[in-house]
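Engineer: After the structure tokens below, expect a handful of questions from me.
There are 2 protein chains.
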Amino acid sequence: MKVTVLGCGRWGTFHAWYANFIGHDVMLWGRKGSKHLQELKEQHKNEYLELPEAVSLTDDLKRAVEHADTIVISISSQQLRSFGAQLKALGNLAGKRFVLCMKGLEIGTGKRLSEVFHEAVGDEVPVAVWVGPGHVQDFIRKVPNCMVIASDDMDLTKELVDSFSSSLIRFYYGEDLLGTEIGAAAKNVVGLAAGMLDGFGYGSLKGALMARGTRELSRLIEKMGGDKMTVYGLSHLGDYEATLFSPHSNNRRFGEDLIIGKPFAKLAEGVYTVEALMELSEQYQVELPICATVYEIVHNHKDPKEQLTQLFLRQTKSELA
Amino acid sequence: MKVTVLGCGRWGTFHAWYANFIGHDVMLWGRKGSKHLQELKEQHKNEYLELPEAVSLTDDLKRAVEHADTIVISISSQQLRSFGAQLKALGNLAGKRFVLCMKGLEIGTGKRLSEVFHEAVGDEVPVAVWVGPGHVQDFIRKVPNCMVIASDDMDLTKELVDSFSSSLIRFYYGEDLLGTEIGAAAKNVVGLAAGMLDGFGYGSLKGALMARGTRELSRLIEKMGGDKMTVYGLSHLGDYEATLFSPHSNNRRFGEDLIIGKPFAKLAEGVYTVEALMELSEQYQVELPICATVYEIVHNHKDPKEQLTQLFLRQTKSELA
Numbered sequence: 248m249k250v251t252v253l254g255c256g257r258w259g260t261f262h263a264w265y266a267n268f269i270g271h272d273v274m275l276w277g278r279k280g281s282k283h284l285q286e287l288k289e290q291h292k293n294e295y296l297e298l299p300e301a302v303s304l305t306d307d308l309k310r311a312v313e314h315a316d317t318i319v320i321s322i323s324s325q326q327l328r329s330f331g332a333q334l335k336a337l338g339n340l341a342g343k344r345f346v347l348c349m350k351g352l353e354i355g356t357g358k359r360l361s362e363v364f365h366e367a368v369g370d371e372v373p374v375a376v377w378v379g380p381g382h383v384q385d386f387i388r389k390v391p392n393c394m395v396i397a398s399d400d401m402d403l404t405k406e407l408v409d410s411f412s413s414s415l416i417r418f419y420y421g422e423d424l425l426g427t428e429i430g431a432a433a434k435n436v437v438g439l440a441a442g443m444l445d446g447f448g449y450g451s452l453k454g455a456l457m458a459r460g461t462r463e464l465s466r467l468i469e470k471m472g473g474d475k476m477t478v479y480g481l482s483h484l485g486d487y488e489a490t491l492f493s494p495h496s497n498n499r500r501f502g503e504d505l506i507i508g509k510p511f512a513k514l515a516e517g518v519y520t521v522e523a524l525m526e527l528s529e530q531y532q533v534e535l536p537i538c539a540t541v542y543e544i545v546h547n548h549k550d551p552k553e554q555l556t557q558l559f560l561r562q563t564k565s566e567l568a
Numbered sequence: 248m249k250v251t252v253l254g255c256g257r258w259g260t261f262h263a264w265y266a267n268f269i270g271h272d273v274m275l276w277g278r279k280g281s282k283h284l285q286e287l288k289e290q291h292k293n294e295y296l297e298l299p300e301a302v303s304l305t306d307d308l309k310r311a312v313e314h315a316d317t318i319v320i321s322i323s324s325q326q327l328r329s330f331g332a333q334l335k336a337l338g339n340l341a342g343k344r345f346v347l348c349m350k351g352l353e354i355g356t357g358k359r360l361s362e363v364f365h366e367a368v369g370d371e372v373p374v375a376v377w378v379g380p381g382h383v384q385d386f387i388r389k390v391p392n393c394m395v396i397a398s399d400d401m402d403l404t405k406e407l408v409d410s411f412s413s414s415l416i417r418f419y420y421g422e423d424l425l426g427t428e429i430g431a432a433a434k435n436v437v438g439l440a441a442g443m444l445d446g447f448g449y450g451s452l453k454g455a456l457m458a459r460g461t462r463e464l465s466r467l468i469e470k471m472g473g474d475k476m477t478v479y480g481l482s483h484l485g486d487y488e489a490t491l492f493s494p495h496s497n498n499r500r501f502g503e504d505l506i507i508g509k510p511f512a513k514l515a516e517g518v519y520t521v522e523a524l525m526e527l528s529e530q531y532q533v534e535l536p537i538c539a540t541v542y543e544i545v546h547n548h549k550d551p552k553e554q555l556t557q558l559f560l561r562q563t564k565s566e567l568a
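Those protein sequence lines, which keep their order, are chains S and U. So the first sequence is numbered by the numbering used here: it starts at 248 and just counts up by one. So the second sequence is numbered by the numbering used here: it starts at 248 and just counts up by one.
This is the structure in structure tokens:
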């Protein structure tokens with residue numbers, strides 16, 4: 248099968264590597280002037296992996312989209328709307344299906360990425376999401392993992408699962424696109440909270456964080472019309488090892504650095520996502536105590552110790568609430 | 248309030264320390280000849296904590312039970328039935344209520360500890376369970392955590408929560424005793440599986456393990472008449488930090504040592520629990536693929552790599568299945 252991957256950052260390049268690894272004919276696109284693309288063109292590798300010569304490289308978006316009917320997108324979440332407009336401007340997307348390998352919610356609207364994509368490209372263009380756990384570094388050294396593909400069309404989901412399954416990635420079908428996308432995005436916020444606990448030397452509270460973080464998001468997803476169980480699947484809970492426990496997790500580290508007062512080079516994705524989640528909390532009238540605490544600390548610069556203590560001392564209540 | 252704690256191992260002694268810390272009048276019992284009790288009598292401390300002089304120590308079970316109406320039990324799970332018979336033989340338990348601070352299932356019957364207790368002591372004796380995350384070492388240095396108390400009587404549950412809440416332990420009410428007990432016991436089996444993954448250098452699969460381990464137990468609990476959400480609360484998922492990630496977790500370490508071929512001093516609790524879970528799997532006709540894999544490796548000495556690979560390569564399916 249022919250596969251195009253749009254975006255040549257760490258995950259985009261991995262997806263190109265993986266599609267080639269399982270036997271597909273792959274073209275990888277990066278924007279004009281991309282340093283990542285330049286590096287790949289010159290050395291056919293980046294800091295994570297070596298890319299076989301068989302993977303074509305291009306900065307021509309039209310050519311990349313023409314190459315295949317199955318198109319993976321892995322770019323920065325907040326750029327998806329404008330990127331979608333570029334794709335639409337190319338015209339002739341009939342027969343193409345898109346797979347979003349990215350996690351996030353749009354700031355300002357709280358919208359899911361598949362919604363943003365449809366609004367930008369057109370409702371008729373099929374789109375799925377591919378999310379779940381796994382570190383690029385591990386996949387490259389052939390450590391397997393489980394992931395999930397979800398869309399609003401089970402036939403599309405199954406076709407994609409069949410096209411991308413291998414002994415390296417075992418896929419599950421996701422049956423709740425909304426819950427899958429909210430959960431995948433929100434895990435970065437729980438990662439920020441985990442880092443804050445680590446920063447205070449309260450790492451043993453990460454167990455309670457896992458139980459209570461999932462619960463508030465489960466309630467939000469249910470209120471939005473999704474399935475309350477989805478957050479406990481691979482897209483969210485399944486990603487907690489990488490997000491809450493790995494020393495390399497960008498979001499966990501951001502939270503930790505914020506507490507211990509270490510300067511950080513760039514904002515973590517969860518910083519944007521928590522803003523979008525506060526919009527959803529308001530819109531759907533669902534209390535999100537942990538997300539709100541992260542928001543107060545990160546965006547309103549409230550005292551972290553005081554905020555986390557308040558969270559802990561809230562009134563005793565039922566586990567299911 | 249007067250509180251008696253029966254059992255002076257690591258957790259029993261902690262419960263005596265904690266009950267004293269929050270202002271109760273505490274007596275701690277250990278069996279005659281107990282080395283732990285001897286150590287506490289001589290030094291008023293053990294390897295984890297110092298016990299204030301105000302905590303009375305005794306090896307007289309009758310005296311200990313007479314001391315208080317609220318009696319915490321923390322002994323080895325498989326000994327609960329015979330210990331319960333000893334309690335019943337004392338007679339005069341009217342007005343007493345018991346709190347089981349222990350995790351396990353009875354081998355041979357698959358029964359929950361509250362069931363075993365009722366069968367041994369009498370159906371009319373009120374019993375609750377107190378489980379959830381937290382390391383003794385952390386509590387002692389005043390790191391707070393969240394835990395759960397559950398029973399079949401919400402008035403009892405609330406009274407106990409009120410009696411034991413503090414700034415160090417935030418309690419939630421458990422509303423599903425069955426699910427709470429199965430989950431608390433079963434987390435040790437998931438801990439064994441986590442250790443096996445660590446042993447193979449497949450630690451990044453612990454995310455998928457968390458998502459899939461909870462799912463199979465959720466299905467079992469639902470089939471047994473419990474709530475499918477309970478396993479995602481503090482009693483099970485909330486204990487994953489301590490059980491799946493801590494280097495000190497006894498069960499995790501047992502699983503890891505088994506894979507790397509390091510001899511281990513004693514069996515971990517999950518080794519017993521997985522046997523009881525196989526009985527429940529059969530009895531309720533619920534497939535438990537992860538537990539069954541642990542069982543095959545630990546009890547039938549099947550090849551771990553082959554077993555774990557088979558688990559991974561099972562047919563692709565829906566996340567909710």
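Every residue, glycine too, gets a C-beta built ideally from N, C-alpha and C. These numbers were taken from a predicted model, which means no experiment stands behind them.
Three-state secondary structure (DSSP) at K552(S)?
Structural biologist: helix
Engineer: Relative to the C-alpha of G369(U), which residue among P380(U), I354(U) and R328(U) is closest?
Structural biologist: The shortest C-alpha separation from G369(U) is found at R328(U).
Engineer: Tell me, please, whether the CB atom of D486(S) is closer than 9 Å to any CB atom in chain U?
Structural biologist: yes
Engineer: Quick one: residues in its chain with C-beta nearer than 6 Å to the C-beta of R359(U), no 5 flanking neighbours on either side, listed in chain order?
Structural biologist: E428
Engineer: Measure the CB-CB distance between V533(S) and K470(S) and report whether it falls below 9 Å.
Structural biologist: yes
Engineer: With 16 as the cutoff for other CB atoms within 10 Å, does M401(U) come out buried or exposed?
Structural biologist: exposed
Engineer: Using the beta-carbon of each residue, which ones in chain S are nearer than 9 Å to R417(U)?
Structural biologist: A455, F559, L560, R561 and T563
Engineer: In chain U, which residues lie with their C-beta within 8 Å of the C-beta of L535(S)?
Structural biologist: None at all; the shortest Cβ gap to chain U is about 17 Å.
Engineer: Between which two residues does the alpha helix (DSSP H) containing L484(S) stretch?
Structural biologist: L484(S) -> no alpha helix (DSSP H), and no H or E assigned at all.
Engineer: Beta-carbon separation of L425(S) and G480(S) under 9 Å?
Structural biologist: no
Engineer: Please decide whether G382(U) counts as near chain S, where near means a Cβ-Cβ distance under 9 Å.
Structural biologist: Per the sequence presented here, residue 382(U) reads as His, with Gly not at that position. Yes, contact with chain S.
Engineer: Could you tell me which of R466(U), F411(U), E522(U) and V372(U) sits nearest to A263(U), measuring between CA atoms?
Structural biologist: F411(U)
Engineer: Rounded to whole angstroms, what is the Cα-Cα separation between I416(U) and V363(S)?
Structural biologist: 43 Å
Engineer: Please find out if some non-hydrogen atom of the ligand GTP comes closer than 8 Å to the beta-carbon of W276(U).
Structural biologist: The ligand GTP is absent from the structure shown, which contains no ligands of any kind.
Engineer: Mind listing, in chain order, the continuous beta strand (DSSP E) runs of no fewer than 3 residues lying wholly within the segment 406 to 481 of chain S?
Structural biologist: 416 to 421
Engineer: Take V273(S) and list the residues in its own chain whose beta-carbon comes closer than 6 Å to its own, dropping the five residues that flank it on each side.
Structural biologist: V250, A263, A266, N267 and V302
Engineer: Leaving out five residues on either side along the sequence, give the residues of the same chain with a beta carbon under 7 Å from the beta carbon of N339(S).
Structural biologist: none
Engineer: Can you tell me whether D307(S) is buried or exposed? The criterion is at least 16 other CB atoms within 10 Å of its CB, across all chains shown.
Structural biologist: That one is exposed.
Engineer: Of all Cβ atoms in chain U, is any one closer than 9 Å to the Cβ of E422(S)?
Structural biologist: yes
Engineer: State the DSSP-derived secondary structure class of S528(S), mapped to helix, strand or coil.
Structural biologist: helix
Engineer: Taking the alpha-carbon positions, what's the F492(S) to L484(S) distance?
Structural biologist: 12 Å
Engineer: Excluding the 5 residues flanking V518(S) on each side, which residues of the same chain have their C-beta closer than 6 Å to its C-beta?
Structural biologist: V545
Engineer: Is there at least one Cβ from chain S nearer than 9 Å to D360(U)'s Cβ?
Structural biologist: Reading the sequence as shown, one finds Leu at residue 360(U) and not Asp. No, L360(U) lies away from the interface with chain S (no Cβ there is under 9 Å from its Cβ).
Engineer: From which residue to which residue does the alpha helix (DSSP H) around T260(S) run?
Structural biologist: R257 to F268
Engineer: Taking one C-beta from the segment 447 to 465 of chain S and one from the segment 390 to 408 of chain S each time, how about it: are there three or more such pairs within less than 8 Å?
Structural biologist: no
Engineer: Taking the CB atoms as reference points, tell me whether K292(U) and L284(U) lie closer together than 9 Å.
Structural biologist: Contact: no.
Engineer: Can you give me the C-alpha to C-alpha distance between V319(U) and I322(S), rounded to a whole angstrom?
Structural biologist: 55 Å
Engineer: Quick one: residues in its chain with C-beta nearer than 7 Å to the C-beta of V478(S), no 5 flanking neighbours on either side, listed in chain order?
Structural biologist: G426, G430, T461, L464, S465, I468 and L484
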